[in-house]
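Count along the sequence shown from 1, then add 92; that gives the number in this note's numbering. Every residue, glycine too, gets a C-beta built ideally from N, C-alpha and C. Below is one structure; the comments refer to it alone.
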Amino acid sequence: MKLPKIIQGGMGVAISDWNLARVVSMQGHLGVVSGTGIALILISRLMDGDKDGHVRRALSNFPFQVPVRRILDEYFVPEPKTPRPPYKRPPMWTLNPPKALDELTVIGNFVEVFLAKEGHQNAVGLNLLEKVQMPTMASLYGAMLADVDVVIMGAGIPVQIPGILDKLADHQAVSYRLDVQGAEREDDTRLHFDPQAIFPGVVEKIGRLQRPCFLPIISSVVLAKALLKRATGKIDGFIIEAPTAGGHNAPPRGSLDLDEEGEPIYGKKDEVDLSKIKELGLPFWLAGGFDSPDKLRYALDAGAVGIQVGTAFSYCTESALDETLKSRIIQKVIDREIKVRTDPRVSPTGYPFKVVQLEGTLSDPKIFQDRTRLCDIGLLRQLYKRANGKVGFRCPGEPVKQYLAKGGSLDDTVGKNCLCNNLCATAGYPQHRKDNYVEPPIVTAGDGLANIGKYLKPDCHSYTAQDVLDYLTS
């Protein structure tokens, strides 16, 4: 694969969808789809009628049509009702997930990558989070069935992924050692995934799959070296992300100190020595505020192949961010009223999370307080060791009493919210509950959000992915 100078960031849930990735890839750069929560998005698109037929066209190309027919029978609504009924939710992940959940996750990722690659021969990537472990193997396999070229993964230390990719290329059974709070070192809690059991005859029908390149997202030289030492297979390069990037940020190295506004303080320890990264001998890209021709030149001069850009693409015409939110935020940028806060508490992962401050979203204290806590999707649930030695599931964003009953700490629940539901709402798929409550969005962006006005032409309130690419390469 020709190494791209520009990688479009993988923004979830569904912000970097197939349409955005396809546009970027067709211009010779690396378009990236987000695989996080994509099974939920597949269901939502089908229940909303799939009016342009894109999802059903991709489904018709999946090599096994029996599970496709089951999915269409269960979720496709040709004439959606008004007001919108609640979206159906698949079962939560457990250590023994039902076959239908594996099928749904595989097919959801296949659809996204298939559509992103449709009509051209250029590379397409998939972005996943190490913190969302349980759907990972099915997500990777679905993307590989659609010939994904690159897998990008952050929010953790994904040492197991390279070996899993090697085995999935031959349709071999794989397992994933899961993080369990309170577990002993010798404990080994695993989730298993067997492509041939889920799709009998896949080897004969398809043959060997392309093994995609693997690019973990890192924030330090120490992490890069740890991955190279401990990874179960080949690492093809690194994306080095600064804490100015949007979404989840790596916590500051050392103690977590907060400034007067309650945001994490990053310092010299969090700066990456690029000369030491260069010594590792692998391609690397710089991310987090690298959104200008000068920053691209800086990256190239430092030995990088190029840059990864997320925020600029999040707010372009082709992104799947809800159009009303996009318009309001761009207007705030024009009026110089926009603010992005690094919230150390809101994410159940425990990682700092960049939140755009916008009325009517979860950043609004009243909206936050009025929301009833629940956990009905569970992608960010944590596994923990019970007193009886068995493994349980809990989420700091669930009702406090439930979390405490499972041995959780009260302090862990403070400020937490349900990113699963709220990020779906940000992409235009808010859950409408039976009591008429509609889940509000939470919007994320990097510190570069204040500068996206440079992509706007005079008297315009929108810009395209091509405008971003033209500016970056000017």
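Measure how close the beta-carbons of residue i and residue j come, nearest whole angstrom, since I'm counting them as under 8 Å.
i, j, result
"Asp383", "Asn543", "7 Å"
"Lys368", "Ile290", "Not a contact, Cβ separation roughly 42 Å."
"Leu511", "Pro440", "7 Å"
"Val158", "Val216", "In fact, because the Cβ distance is near 27 Å, the residues do not count as touching under 8 Å."
"Lys424", "Thr434", "So it is not a contact: roughly 18 Å between Cβ atoms."
"Ile331", "Ile244", "6 Å"
"Gly442", "Ala337", "Not a contact, Cβ separation roughly 17 Å."
"Val448", "Ala334", "Between Ala334 and Val448 the Cβ distance is about 18 Å, and since that is not below 8 Å, they are no contact."
"Asp539", "Gly381", "6 Å"
"Leu151", "Val198", "Contact flag wrong, Cβ pair sits at about 12 Å."
"Ala396", "Phe376", "5 Å"
"Ile430", "Tyr407", "11 Å between Cβ atoms; not a contact."
"Met93", "Cys305", "6 Å"
"Pro344", "Asp362", "6 Å"
"Gly520", "Arg437", "Actually they do not touch by this definition, with Cβ atoms about 26 Å apart."
"Gly545", "Ile426", "6 Å"
"Leu320", "Leu372", "7 Å"
"Leu515", "Val105", "4 Å"
"Val242", "Leu187", "Going by Cβ atoms, the distance from Val242 to Leu187 rounds to 30 Å, so no, they are not a contact pair."
"Glu171", "Gly141", "7 Å"
Should residue i be flagged as near chain C, meaning a C-beta pair shorter than 9 Å?
i, result
"Pro385", "Here chain C cannot be found, since the structure has a single protein chain."
So, at 7 Å on beta carbons, what are the nonlocal neighbours of residue i in its own chain, with the 5 sequence-adjacent residues on each side left out?
i, result
"Gln252", "Tyr268, Arg269 and Thr324"
"Lys195", "The displayed chain sequence assigns Glu, not Lys, to residue 195. Closer than 7 Å at Cβ, skipping near neighbours: Pro159 and Ile290."
"Arg300", "Ala261 and Asp262"
"Asn513", "Ile469, Gln523 and Glu531"
"Leu294", "Note on residue identity: the sequence assigns Val, not Leu, to residue 294. His263, Pro287 and Gln288."
"Cys467", "Arg473, Cys487, Gly489, Glu490 and Cys510"
"Ala391", "Leu378, Phe382, Gly398 and Ile399"
"Thr228", "Leu220 and Tyr268"
"Gly234", "Thr197, Val198, Ile199, Gly200, Asn201 and Phe202"
"Asp414", "Thr518, Ala519, Gly520 and Pro533"
Looking only at DSSP bridge pairs, what is residue i linked to?
i, result
"Gln558", "In DSSP, Gln558 forms no bridge with anything."
"Gly398", "Trp377"
"Tyr476", "Gln273 and Gly484"
"Glu333", "Ala379"
"Asn219", "Ser126 and Ile244"
"His284", "Ser267"
"Leu307", "Ile244"
"Gln100", "Val401"
"His553", "Note: His553 sits in no beta bridge, so no partner."
"His524", "Val530"
Please return the same chain residues whose Cβ sits closer than 8 Å to the Cβ of residue i, not counting the five positions on each side in sequence.
i, result
"Leu417", "Leu450, Thr453, Thr518, Pro533 and Val535"
"Ala71", "Absent from the model: residue 71. The displayed extent of the chain is 93 to 566, so no value can be given."
"Thr565", "Lys97, Ile98, Pro385 and Leu388"
"Arg428", "Ala542"
"Leu561", "Ile98, Val116, Gln119 and His121"
"Ile163", "Leu134, Leu138, Leu151, Glu195, Leu196 and Ile199"
"Ile298", "Pro155, Leu237 and His263"
"Asp272", "Looking at the sequence provided, one finds Val at residue 272 rather than Asp. Asp279, Thr281, Leu475, Tyr476, Lys477 and Val483."
"Asp349", "Pro356 and Ile357"
"Lys223", "Ala247, Gly248, His340, Thr441, Tyr443 and Leu472"
Starting from the C-beta of residue i, find all residues in its chain whose C-beta is less than 6 Å away, skip the five residues before and the five after it, and write them out in chain order.
i, result
"Leu374", "Gly329"
"Gly127", "Asn201, Leu218, Leu220 and Ser231"
"Arg176", "His524"
"Ser455", "Val447 and Gln449"
"Leu622", "Past the edges of the chain, shown from 93 to 566, lies residue 622, and the structure says nothing about it."
"Leu237", "Phe202"
"Ile309", "Gly246, Ile331 and Glu333"
"His340", "Ala247, Tyr443 and Phe445"
"Ala275", "Lys477"
"Gln302", "Asp239"
Starting from the N-terminal side, write out each stretch of the beta strand (DSSP E) that is 3 residues or longer and does not extend beyond the region 132–165. For the region 132–165, not a single whole beta strand (DSSP E) run of length 3 or above is found.
Touch check for the region 497–507 and the region 115–135: three-plus C-beta pairs under 8 Å? No, the region 497–507 is not in contact with the region 115–135.
Do the region 174–185 and the region 130–150 meet, that is, are 3 or more Cβ pairs less than 8 Å apart? Verdict: yes, contact present.
Report yes or no: do the region 550–566 and the region 471–485 share at least 3 C-beta pairs separated by less than 8 Å? No contact exists between the region 550–566 and the region 471–485.
Start-end ranges of the beta strand (DSSP E) lying completely within the region 313–371, minimum 3 residues: 330–333, all fully within the region 313–371.
Count the C-beta pairs between the region 303–316 and the region 351–360 that are closer than 8 Å, then say yes if the count reaches three, no if not. Because the criterion of three Cβ pairs below 8 Å is not met, the region 303–316 and the region 351–360 do not touch.
Unbroken beta strand (DSSP E) runs of length 3 or more, entirely within the region 402–455: which are they? The DSSP assignment places 432–435 and 445–448 as complete runs of the beta strand (DSSP E) inside the region 402–455, in order along the chain (cut-off: 3 residues).
So, do the region 94–113 and the region 484–498 have three or more beta carbon pairs nearer to each other than 8 Å? With the cut-off at 8 Å, the region 94–113 and the region 484–498 do not touch.
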